Amino acid sequence: MFRSVSRYCLPLLLPVMLATTPRVQAVEQAAEFLPSSTVLYAEMAKPAKTIEALLQHSIADKVRDHEAYQQATKTPQYHQFQMGLKFVEAQLGMKWLEAVHEMTDGGVTLAVDAKTEGVALIFKTASSESLETLKTKVMQFARQDAKNKGNGDPYEEHEYRGHTVYKADKVVFTTNEEWLLIANKPDLGRHLLDGLLDGPQNSLMDQTNFQTAYKSSKNKIAWGYTNLEMIRNSGIANKVFSGKADNPGLEVILGGVLEILPQAAYVTAALDGLPENLQLTVALPFQPDWISESREYYFGPNAQGSVTSVRTTAEPLISLSVYRNLSEIWLRAGDLFNAEINDGFAKADATLTTLFSGKDFGEDILASLSPELQLVIARQNFSAGHPSPEIKLPGFALVTRMKDVEHTRPEFRRIFMSFIGFLNVVAGSEEGRAQLDLDLESFESGEIISTRFVPLAGSKPYEQTNISYNFTPSVAFQDDLFILSSSSELARGLLSSQEQSMKDGSDTQKDSRINLALNLTASGIRRTLEDNREHLIAQNMLEKGHSREEAEGEIGIIFEVLKLVESAGLRVLTTDKTFEAQLKLSFSE
Amino acid sequence: MTLTRREFVGLSVTSSAIYGLNSKAPRFLVNAAEEAQKQDRVLVVIQLSGGNDGLNTIIPFHHDEYRKNRPELAVPADRVLKIDDNLGFHPELTGFAKLLEAGQLAIVQGVGYPNPNRSHFESMDIWHTCQRKSGQRHDGWLGRTIDQLQNDPSSDASALHLGQQKQPFALTSQQWRVPSVRSLEQFRLQGNKNGQAETIKKLVATSRPKSNELLDFVQSSTTTAVDVSQRFKEIGKTYQSKAVYPKSGLGKKLETVAQLIDAGLRTRIYYVEVDGFDTHAQQAPAHEALLREVGGALSAFTTDMIGQGQGDRVLSVCFSEFGRRVQENASAGTDHGTAGPMFLAGPMVKAGLIGEHPSLNDLEQGDLKHHTDFRQVYAGILEQWLKVESKPILDGVYDPIQIIKS
Amino acid sequence: MINITQLDPAQAWSLYQPESPDGWTLRQAAHLYRRGGFSANREQLEQALTLNPGEAVHQLLNSAEESVSQYETLAKTMLATGNANNLSAWWMYRLLQTADPLREKMTIFWHGHFATSAEKVTDPQLMYHQNQLLRSNALEDFGSLLHDISRDPAMLLYLDSATNRKAHPNENFAREIMELFCLGEGNYTEQDIRELARCFTGWEVRANRFRFNRYQHDKGEKNIFGQSGEFDGDAGVDLVLAHPAGPEFICRKLVKFLVVDEPVPSVDLIAPLARQFRENGLQIGPIVERILSSKLFFSNDAIGRKIRSPIEFSVGLLQSLEVTTNYFELSKRLADLGQKLFFPPNVKGWDGGRTWVNSSTLLARANLVQDLLDREETRFAGGGMTDLCDKHELHRPTEIVDWLQTMLLADELSPEVRSGLVRELESGTDPRERRLRQVVYLMCTLPEFQLG
């Protein structure tokens, strides 16, 4: 309210106000006097508090207790660093954290301006007094240092509207009340000071997009905004905004983002979540009707595609649930990729169709599956009696649904069995390769076609340590559920697990559609790595030329670091208005 | 001191003064110049792995049997690029059609060997070694060729294989190891210091008072190597290809070959492979893409070589381990067959069709009968192009096919 | 210069007993380690000087028992990957760490002699098994080595003898055992090959193991080298071992491997060794000991008269300068130099000598060293080149260059080249560490470093 009043009244009042006092009205935020041509804006509300929170975090304690950290504190470099820090603190007359607090109590802002092509750094400090003290001390120190080294005065002084503006190298800075303004272009610096002195007018805050976006900045550790429209118009990074990936891997991962980038006006990023976790959310405005037909595979018809449920199993490492219509990608390759890549698709199609007994890979195989896909990676147990490979890989499984059970189920069953037959023929032609036995297991209402290794004639189980013993491929069916797994053990685990809904019922999710959910579980990853500790050590010895002791030490650190984290996850979701990617790192208790 | 090959050839033997070298050092350089004047001819072998469908490459478009056996895969007569009234190129082979028109392509039809083997590996080994499985297979035909060609071990390798895959058996030699080239970087000194090469050259060229033959040999080889590296450094800056290479795998490989040849490397044989011809299902789009790749790359390469003034010394040859079955299968593909065409490209070839198209009415177990033994083509290449005796290399006497303009 | 073809054989192979200390120098000790191993660090060289040459050779032949279990653990994990490239890296590690360099050197000799490639034998387990076989027999009884290798699954697979049937005897192994393994061309007839091939019928590989299939064995009478009998495979091997041409063939190859690349030694020069080899029942160790402790070996006709193989080139550099590095990368790069362990180019193995050298392999040698020096994992005695110099108390540029010469080169550099290197070290604005590495790099590109 106050601001809108001020906007209209300000021009009238300005001459009067200027005559009486330099302070027109309380400017609260840097956005109010940053130029409207600002393309990138990033702020940190309370850096000192964040640092404090991190230092007091239980993770920090664990790091401090860690042997590797203890070792590091004994190095000369660390001592030098400590000495330097003490010196600075003595100069400032306060602890460094206190200094950070004083300097940034009202927030720090970094901005890039398109018009002047300048970068601004703005501090809102605790008070004009503390700012003045710190400024004086730092400048005194720098001047003394330059003098000691026989150099001239590092600061040029200029006057601008009654303020002393300092210039050091290419950077200008000045202070006003509790504000410290730094810029690498004098024009930008002047603009900032003008804005601060004259009050808000035609500033970044007047951009409607920014205003809308800025609402999401509250209570965040850090928040950022980029004006995509302005970048697009400037013509830089045209490739990014071309909407084409021309790389099948990139297309599957980022195709949807590439579709949005040429149309979205801005993007925001926000960091929050301490102390339990760290969460980074990147958001773009989004409208379902932006999506072209060729990218329907990514978002589904009318952008309503969504992954709804997920299956878990014991000791997961990674679970990736994603909405992607692979058949559409395959068939629309002509729209999505250039001629060379399409030639590659044509060649692959011939090979895959051969492999799938003459069934067209795009039209018959991929199209018979639901676009809701889940990839599960989980630790394998290698129960007694089975071969236990020296290098223990996790199992991989694809979980999805069949559109036409009656038709697809026997088809896939047959293809799978001939595939195993083919593997056996290949294995049989090579010396020392074990073959696979097929088994049909009924499982509640479902069935698993599992495989297990036929021991080689005359070989003992302990000799079966080759890496290929990690693979006991399997398919499982239950109603319309279809599982394709690299390990029969994992297929059983998945089939017996309960399906869980993706949505936790929270408000933020109510109207959203989850496009992708990735979950990494640290304990599963750690145990799988521990299974292979001996191999990791050997690998490290040969890769780094380490002795066994050195290698053990390095591998040990990896395990310790993994203990600090509980899980990491990524969610990509859309609503009717936004496209969001949420990255979350949860710390262990 | 970097010279392109042409400049190098252009210099007379007596002009060593131009190099600014004293009379003691340049003996090997003078030799190299003499050798370069004779200018060795180069053979580029392009292997089409997987078994190319010859019948859909050189197409008997009017033939009833062709249409009858290929209901799905037959290319309509109005789409083929006609060679004569009966035969035409696959429509995607515009590259080959262009070469033929320019008189730079020879098509040897119906090439194979007796008692054809339909296993990829076995048939490929036969093409590579000229031996059946029961025989002694210790080396390949090109390996035996370089055993005959190479007499000066200090120079560049006689043959180079381009690619990351396993080296083709054809290049296995009893005497020489054939290097595999992944990128041109291998021919450049990786030093991060300016003038590194010059420093090395200076240190190497310094005379050794207590020398011996072995040290002399390594000394001159090292100088040659540094020269090669410097030439390749220059290529990186100045090489301008005289043709636009397609961005395909084969296009890139042949462009590298062109750069190596243009840099004056004394290598005689280059070997490249393109895989994917094993088209058992959905053949049409895959085969189209492959033929486009081969035709486009080979015609660009030939044009480039002619543009660089190297055309007359470069011959390219394409072969595949077998052709494919006359009758298509139920998956719109074709299965392993027997005889197929070979292609030779370059301005020196005897352009046009060589031999008859294998008869579609007289098949052997559903396959085309060969009428030209691949070793006859090899014999032509060896005797007419590389000028070596073919008998010891092919382990027998084969009547050479006339492939070079007489 | 003496032509070694004109040497008095008895003199040439007699024990080298220097009369004055000048006859037993660091240069000669380094030569011994380069040939009887790959190279040595300074301590090892100094230690060798406290012995006389004969004792130093004896010490090489009787190295302290290796703690093999660490290599075996390492090998097991590498084998589990099923990738022979990793096995190649494993061997590089072992070559660099070994306490028994002569045995490793001789294992490489036999690896090239009984060449078998993982390109064809795809199961690295079999390659490892063969490697162990070669190692444990490397300096022992040639007869049992040959018997073992004849039944070695990797060898049988490599020479297509995995199924050798009565009706179609496979002549490959029979030919190679005579031509390449024992006798050399001209010492047998094609008829001998066909008959010997019949002896090996029924020798098979099943489930990665050797198996004798008596149903496929040709029990009939064979006639080999003029002798008749119902010989089986082992008897066939024994006939080859008893052939008079064998000892000279093996000894000639050993002399080429250990003493000189060229010229080809005369029959007379090899004769004393061949005689001893036959008389001692084909024991390899004593012949190797005699060669390494001989006057010829320590003479200027042998020192620096071999072109270093890529393995000698790389392992030699690393050992002399106490380097540890990334062995995966190292073994991968060795392919560009023309010698990748477990991947010999053909049945004849590596020819050695001048065939190691062409423009592409020489550039690969220089680039390998550059890569090694730039690599973060590369450490000299646990630190940088500066630390290595400090460790050996080297300060002045001339000191450093001379020390490097002794460690790396068989022959002294000419004064011009030496001062060129010293200049590199003295001048320039680069930090000292970089200049030191630059000098190592330049030294490795010199023709002198290619000779060992």
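Taken in sequence, the protein lines are chains C, V and G.
If you count the first sequence from 1, position 179 lands on 179 in our numbering, and the numbers rise without skipping.
If you count the second sequence from 1, position 14 lands on 1014 in our numbering, and the numbers rise without skipping.
If you count the third sequence from 1, position 399 lands on 2399 in our numbering, and the numbers rise without skipping.
No residue lacks a Cβ here, since even glycine has one placed at the ideal position from N, Cα and C.
Nothing here was measured: the structure is a model prediction, and the numbers come from that model.
| Check | Outcome |
| --- | --- |
| 3-residue-minimum beta strand (DSSP E) runs that sit fully inside the stretch 37–81 of chain C, ordered along the chain | 38–44 |
| Beta-carbon gap between G1295 (chain V) and G1054 (chain V) smaller than 7 Å | no |
| N- and C-terminal bounds of the alpha helix (DSSP H) containing S2136 (chain G) | 2124–2137 |
| Reference S1049 (chain V); option with closest CA among V:Q1186, V:L1291, V:T1302 | V:L1291 |
| Beta bridge counterpart(s) of T2324 (chain G) as assigned by DSSP | G:R2379 |
| Under 7 Å from the C-beta of T104 (chain C): neighbouring residues of chain G | Within 7 Å Cβ-Cβ: nothing; T104 (chain C) doesn't reach chain G, min ~37 Å. |
| Buried or exposed by the 16-neighbour rule on C-beta atoms within 10 Å, applied to P387 (chain C) | buried |
| Reduced DSSP secondary structure (H/G/I, E/B, other) of D2390 (chain G) | helix |
| Residues bridged to E447 (chain C) (per DSSP) | C:S442, C:F477 |
| C-beta neighbour in chain V for V2315 (chain G), strict 7 Å | no |
| Status (buried if at least 16 other CB within 10 Å, exposed otherwise) for E489 (chain C) | buried |
| Neighbour-count burial assignment, M2127 (chain G), 16 or more Cβ in a 10 Å radius | buried |
| Other residues of its chain near Y69 (chain C): CB distance less than 7 Å, five sequence neighbours each side excluded | V63 |
| At least three beta-carbon pairs within less than 8 Å, the stretch 1112–1121 of chain V to the stretch 1301–1315 of chain V | no |
| I1354 (chain V) and Q1384 (chain V) closer than 7 Å at C-beta | no |
| Contact under 7 Å by Cβ, W2090 (chain G) with A2080 (chain G) | no |
| Proximity test, Cβ basis, 7 Å: N2085 (chain G) and chain V | no |
| Ranges of the alpha helix (DSSP H) found wholly within the stretch 2413–2441 of chain G, counting only runs of at least 4 | 2415–2426 |
| 8 Å CB neighbourhood of Q478 (chain C) in its chain, flanking five on each side removed | F443, E444, S445, G446, E447, L495 |
| Beta-carbon spacing of L40 (chain C), V112 (chain C) below 7 Å | yes |
| CB contact below 7 Å: D1156 (chain V) versus chain G | yes |
| Beta-carbon separation (whole angstroms), L1215 (chain V) vs P2447 (chain G), contact threshold 8 Å | 6 Å |
| Environment of S1316 (chain V) [buried if 16+ CB atoms lie within 10 Å] | buried |
| Where the beta strand (DSSP E) containing A1074 (chain V) begins and where it ends | No beta strand (DSSP E) holds A1074 (chain V); DSSP gives it neither H nor E. |
| Which residues DSSP lists as bridging E1273 (chain V), in chain order | V:Q1047 |
| Interface flag, K149 (chain C) vs chain G, CB-CB below 7 Å | no |
| 4-residue-minimum alpha helix (DSSP H) runs that sit fully inside the stretch 1119–1200 of chain V, ordered along the chain | 1120–1129, 1141–1149 |
| Beta-carbon proximity list for A1025 (chain V), same chain, < 7 Å, skipping 5 on both sides | The pLDDT assigned to A1025 (chain V) is 37, lower than 50, so where the model puts this residue is not dependable, and the model offers no usable value. |
| Per-residue DSSP class, three states only, for E1035 (chain V) | Note on E1035 (chain V): pLDDT 49, under 50, position unreliable in the model; no value is reported. |
| P285 (chain C) - partner residues in DSSP beta bridges | C:T578 |
| Span separating the alpha-carbon of M541 (chain C) from that of E534 (chain C) | 11 Å |
| Presumed contact (8 Å Cβ cut-off) between S1123 (chain V) and R1188 (chain V), rounded CB distance | About 38 Å separates the two Cβ atoms, so there is no contact after all. |
| Backbone CA spacing between K1038 (chain V) and S2419 (chain G) [nearest angstrom] | Any answer about K1038 (chain V) is weak, because its pLDDT of 46 lies below 50 and its placement is not dependable; what the coordinates show is given next. Rounded to the nearest angstrom, the two C-alpha atoms are 41 Å apart. |
| Contact residues within the stretch 339–357 of chain C, judged by C-beta distance below 7 Å to chain V | E340, D343, A346, K347, D349, A350, T353, T354 |
| CB contact flag (G1139 (chain V), T1267 (chain V), <7 Å) | The sequence given here has Asp at residue 1139 (chain V), not Gly. No, the pair does not count as a contact, with Cβ atoms beyond the cut-off. |
| Limits of the beta strand (DSSP E) - the one that H158 (chain C) falls within | 156–160 |
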